[in-house]
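Undergrad: Residue numbers (this note's numbering): 276 to 739.
Just so it is clear, CB atoms sit at the ideal spot from N, CA and C, and this is done for glycine as well.
First the structure, then my questions, so here it is.
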Amino acid sequence: MKTLILAGGKGTRLWPLSRELMPKQFVRFLDYKSLFQKTVERALGFSRPAEIFVVTNWEYRFRVLDDLRELGVELPAENILLEPVGKNTLPAIYWGVKTIDEAFGDSVVAVLPSDHLIEVNEAYETAFASAEKLAKDYLVTFGIKPTRPHTGYGYIRPGEAIKEGEKVLGYTVAEFKEKPDLETAKKYVESGYYWNSGMFAFSTSLFLEEAEKHAPELVKAFEEESIEKVYELAPEISVDYGVMEKTDKAAVVPLNTYWNDLGSFDAIYEVLEKDEDGNAMRITSKNAYHIGVNSKNNLIISERLTATVGVEDLIIIDTDDALLVAKKGESQKVKEIYKVLKEKNDERAIVHRTAYRPWGSYTLLEEGERYKIKRLTVLPGKKLSLQMHYHRSEHWVVVRGTAKVRVGDREILLRPGESTFIPAGTVHRLENPGKVVLEVIETQIGEYLGEDDIVRFADDFGRK
Numbered sequence: 276m277k278t279l280i281l282a283g284g285k286g287t288r289l290w291p292l293s294r295e296l297m298p299k300q301f302v303r304f305l306d307y308k309s310l311f312q313k314t315v316e317r318a319l320g321f322s323r324p325a326e327i328f329v330v331t332n333w334e335y336r337f338r339v340l341d342d343l344r345e346l347g348v349e350l351p352a353e354n355i356l357l358e359p360v361g362k363n364t365l366p367a368i369y370w371g372v373k374t375i376d377e378a379f380g381d382s383v384v385a386v387l388p389s390d391h392l393i394e395v396n397e398a399y400e401t402a403f404a405s406a407e408k409l410a411k412d413y414l415v416t417f418g419i420k421p422t423r424p425h426t427g428y429g430y431i432r433p434g435e436a437i438k439e440g441e442k443v444l445g446y447t448v449a450e451f452k453e454k455p456d457l458e459t460a461k462k463y464v465e466s467g468y469y470w471n472s473g474m475f476a477f478s479t480s481l482f483l484e485e486a487e488k489h490a491p492e493l494v495k496a497f498e499e500e501s502i503e504k505v506y507e508l509a510p511e512i513s514v515d516y517g518v519m520e521k522t523d524k525a526a527v528v529p530l531n532t533y534w535n536d537l538g539s540f541d542a543i544y545e546v547l548e549k550d551e552d553g554n555a556m557r558i559t560s561k562n563a564y565h566i567g568v569n570s571k572n573n574l575i576i577s578e579r580l581t582a583t584v585g586v587e588d589l590i591i592i593d594t595d596d597a598l599l600v601a602k603k604g605e606s607q608k609v610k611e612i613y614k615v616l617k618e619k620n621d622e623r624a625i626v627h628r629t630a631y632r633p634w635g636s637y638t639l640l641e642e643g644e645r646y647k648i649k650r651l652t653v654l655p656g657k658k659l660s661l662q663m664h665y666h667r668s669e670h671w672v673v674v675r676g677t678a679k680v681r682v683g684d685r686e687i688l689l690r691p692g693e694s695t696f697i698p699a700g701t702v703h704r705l706e707n708p709g710k711v712v713l714e715v716i717e718t719q720i721g722e723y724l725g726e727d728d729i730v731r732f733a734d735d736f737g738r739k
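Here it is in structure tokens:
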């Protein structure tokens, strides 16, 4: 079985933990592995690396590559598909399935979102084995047996049983249901409906046939030669709306294992361990911890000592540049905060103080009206692009490692304690030629200090 991993979502409901350039599939808020890495490990259970494909976007490609490198997994370059713009799940899945079909011929494909938490056990393996058997004749989705009424998930009403001998492999889909209100959700659970997991399995030929039948506009867009033109013409639509709810070949396989889409902080609270007062704590710094006095049933994710007194049912998310306090049960509305930040062009919707780049990372230490101070961390053997800024000058001080620096026509080596100055309008480049991590303190001074004030002349990573 081949695997298609969807890794393009923004995770706006988990701000400020996730940001536009660091969405939830790459954030390590549960343990030392990202949700994307956990998804890749699940995929390796039934696919070789050459059979795993990832649909993501230009901004996330290096996060994907870095996470794969940490796992020791190398995918062929052509297996990473970069969308020019996100247009929901149907264009992404269609492109991935079409690519797999062209590479391997008719194949069974498992489609996995990269931002779900799933327990892999015997029930999980049995469900995918059943789906693989059904995939030639059905577009299979996986249904999670509800643990309680939930208003944040779509539901599936199962129809007739599909059997192999006496063994039930799955059910036809009688109906897909949108996210309900609480009373309706209770009725769905009582009637034996499943949660819609957003995972699928089907043969490439059957999916392409059904897409041509039910989403002809999308199929026609993919006749264009460039993927940029394809996505310009393609409709923005989910695979559920575009195909699954229209086809008469949908089937659901029950997946009786732990599953959580981690789509809100309420969902994260469910996953984390609680203390005797029901407080779930995820401390993200070695010296941080929580002190609670008469505080119950709170979610606390913090980088520092956090103390609470007399509060209950709160969500407290503390990062180095933003603090979120919300009432449990209301965390789905966090995406409205993200929307306001975007309207205000506030960079905190997009990036954390620490931003990851293919060469390493930078951390914003301080900023004022006409200056910014950053710590640059450059990995061994990596270098920034050959670039120039119109509106700012930069001063670099090496604090660790050895820096190879080009300033105009000069090239120099700098060691800890040594520095150099780059005037505005000067072509320059920073490189780590050594075998240890390079750390540099960068002071920017100028009338405009935006990240878009950059002209690249050469770049190892293909950025423009």
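(1) What does a CB cutoff of less than 8 Å around Y637 pick up in its chain, not counting 5 residues either side in sequence?
(2) What residues match up with P433 in a beta bridge as DSSP calls it?
(3) When the distance is taken between beta carbons, is H664 closer than 8 Å to I729?
(4) So what's G470 in DSSP terms, helix, strand or just coil?
(5) Tell me the DSSP secondary structure of P491 in three-state form.
(6) Report yes or no: do three or more beta-carbon pairs, one from the stretch 440-452 and one from the stretch 376-392, lie closer than 8 Å?
(7) I need the boundaries of the beta strand (DSSP E) containing V609, first residue and last residue.
(8) With a threshold of 16 other CB atoms inside 10 Å of the CB of I566, please say whether the residue is buried or exposed.
(9) Can you give the Cα-Cα distance for K639 and Y564, rounded to whole angstroms?
(10) When the Cα of S513 is compared with those of P366, T422, A624, which residue comes out closest?
(11) Would you kindly work out how many angstroms separate the C-alpha atoms of F379 and A318, rounded to a whole number?
(12) Tell me, which residues are paired with E280 by DSSP?
(13) For F475, write down the residues that DSSP places opposite it in a beta bridge.
(14) Considering only their Cβ atoms, is the gap separating S478 from A410 smaller than 8 Å?
(15) For Y723, does the three-state DSSP call read helix, strand or coil?
(16) Out of Q662, L688, H666, which one is the CA nearest neighbour of V672?
(17) Compare the C-alpha of F475 against each of I437, V528, E326 and name the closest.
(18) Please look up how many angstroms separate the CB atoms of I612 and F540, rounded, as I've assumed it's under 8 Å.
(19) Cβ of L599 within 8 Å of Cβ of P291?
(20) Just how far apart, CA to CA, sit R685 and H703?
(21) Let me check understanding here. Comparing Cα to Cα, which of K602, L392, G445, G467 lies closest to K524?
(22) Below 8 Å between beta carbons: does that hold for G283 and G371?
(23) Residues bridged to H703 by DSSP?
(24) I think K603 touches L724, with their Cβ atoms under 8 Å apart; what is that distance to the nearest whole Å?
(25) When the distance is taken between beta carbons, is I393 closer than 8 Å to L279?
(26) Between the C-alpha atoms of A699 and E641, what's the straight-line distance to the nearest angstrom?
(27) Distance, Cα to Cα, G643 vs Q719?
(28) Counting pairs of Cβ atoms below 8 Å between the stretch 418-435 and the stretch 488-506, do you hit three or more?
(29) Could you give the first and the last residue of the continuous alpha helix (DSSP H) run that contains A542?
TA: Taking the coordinates as given:
(1) Working through the sequence shown from its first residue, we reach residue 637 at position 362. The residues are T629, A630, K649, R650, L651, T652, E717.
(2) As a position in the sequence shown, residue 433 is number 158, starting the count at 1. Beta-bridge pairing links P433 to V448.
(3) As a first step, residue 729 must be located in the sequence shown, where it is residue number 454. As a first step, residue 664 must be located in the sequence shown, where it is residue number 389. Closer than 8 Å, so yes.
(4) Start at 1 with the first residue of the sequence shown, and residue 470 comes out as number 195. Here the sequence assigns Trp to residue 470, which means Gly is not the residue at that position. Correct three-state label for W470: strand.
(5) Against the sequence shown, residue 491 aligns to sequence position 216. Three-state DSSP puts P491 in a helix.
(6) Pairwise C-beta distances place the stretch 440-452 out of contact with the stretch 376-392, as fewer than three of them are shorter than 8 Å.
(7) Walking along the sequence shown from the start, residue 609 turns up at place 334. Counting along the chain, V609 sits inside no beta strand (DSSP E); it lies in the alpha helix (DSSP H) bounded by residues 609-618.
(8) What you label residue 566 is simply residue 291 of the sequence shown in a count that begins at 1. That one is exposed.
(9) Walking along the sequence shown from the start, residue 639 turns up at place 364. Walking along the sequence shown from the start, residue 564 turns up at place 289. Correcting the residue type first, residue 639 is Leu in the shown sequence and not Lys. Taking the straight line from one Cα to the other gives about 24 Å.
(10) As a working note, residue 513 is residue 238 in the sequence shown. Considering only alpha carbons, the answer is P366.
(11) Looking up residue 379 in the sequence shown gives position 104. Looking up residue 318 in the sequence shown gives position 43. If you take the alpha carbons of F379 and A318, they lie about 17 Å apart.
(12) Residue mapping note: residue 280 aligns to position 5 of the sequence shown, counting from 1. A small fix is needed here, since residue 280 is Ile in this sequence, not Glu. Per DSSP, V329, L387.
(13) Along the sequence shown, one-based indexing puts residue 475 at 200. F475 is bridged to V386, T416.
(14) Counting from one through the sequence shown, the residue named residue 410 turns up at place 135. Counting from one through the sequence shown, the residue named residue 478 turns up at place 203. Going by beta carbons, A410 and S478 fall inside the 8 Å limit.
(15) Start at 1 with the first residue of the sequence shown, and residue 723 comes out as number 448. DSSP places Y723 in coil when its eight states are reduced to three.
(16) As a position in the sequence shown, residue 672 is number 397, starting the count at 1. Shortest Cα-Cα distance from V672 to any of Q662, L688, H666 involves L688.
(17) Locating residue 475 in the sequence shown gives position 200, where the first residue counts as 1. Distance check between F475 and each of I437, V528, E326 places V528 closest, using alpha-carbon atoms only.
(18) As a first step, residue 612 must be located in the sequence shown, where it is residue number 337. As a first step, residue 540 must be located in the sequence shown, where it is residue number 265. Actually they are not in contact, since the Cβ atoms of I612 and F540 sit about 12 Å apart, beyond 8 Å.
(19) On the sequence shown, position 324 is the one that residue 599 refers to. On the sequence shown, position 16 is the one that residue 291 refers to. The answer is yes: Cβ separation under 8 Å.
(20) Indexing the sequence shown from 1 puts residue 685 at position 410. Indexing the sequence shown from 1 puts residue 703 at position 428. Taking the straight line from one Cα to the other gives about 9 Å.
(21) On the sequence shown, residue 524 is found 249 positions in, with the first residue counted as 1. For the options K602, L392, G445, G467, the alpha carbon positioned closest to that of K524 is the one of G445.
(22) The sequence position of residue 283 within the sequence shown is 8, counting from 1. The sequence position of residue 371 within the sequence shown is 96, counting from 1. No. Outside cutoff.
(23) As a first step, residue 703 must be located in the sequence shown, where it is residue number 428. Paired residue(s): Q662, V682.
(24) Taking the first residue of the sequence shown as position 1, residue 603 is located at position 328. Taking the first residue of the sequence shown as position 1, residue 724 is located at position 449. Not really, about 38 Å apart at Cβ, beyond 8 Å.
(25) To locate residue 279, count along the sequence shown from 1; it is residue 4. To locate residue 393, count along the sequence shown from 1; it is residue 118. In this structure, I393 does not lie closer than 8 Å to L279 by Cβ.
(26) As a working mapping, residue 699 is identified with position 424 in the sequence shown. As a working mapping, residue 641 is identified with position 366 in the sequence shown. C-alpha separation (whole angstroms): 20 Å.
(27) One-based indexing of the sequence shown puts residue 643 at position 368. One-based indexing of the sequence shown puts residue 719 at position 444. C-alpha separation (whole angstroms): 10 Å.
(28) Too few Cβ pairs lie closer than 8 Å, so no.
(29) Numbered from 1 along the sequence shown, position 267 holds the residue referred to as residue 542. Its alpha helix (DSSP H) spans residues 540-546.
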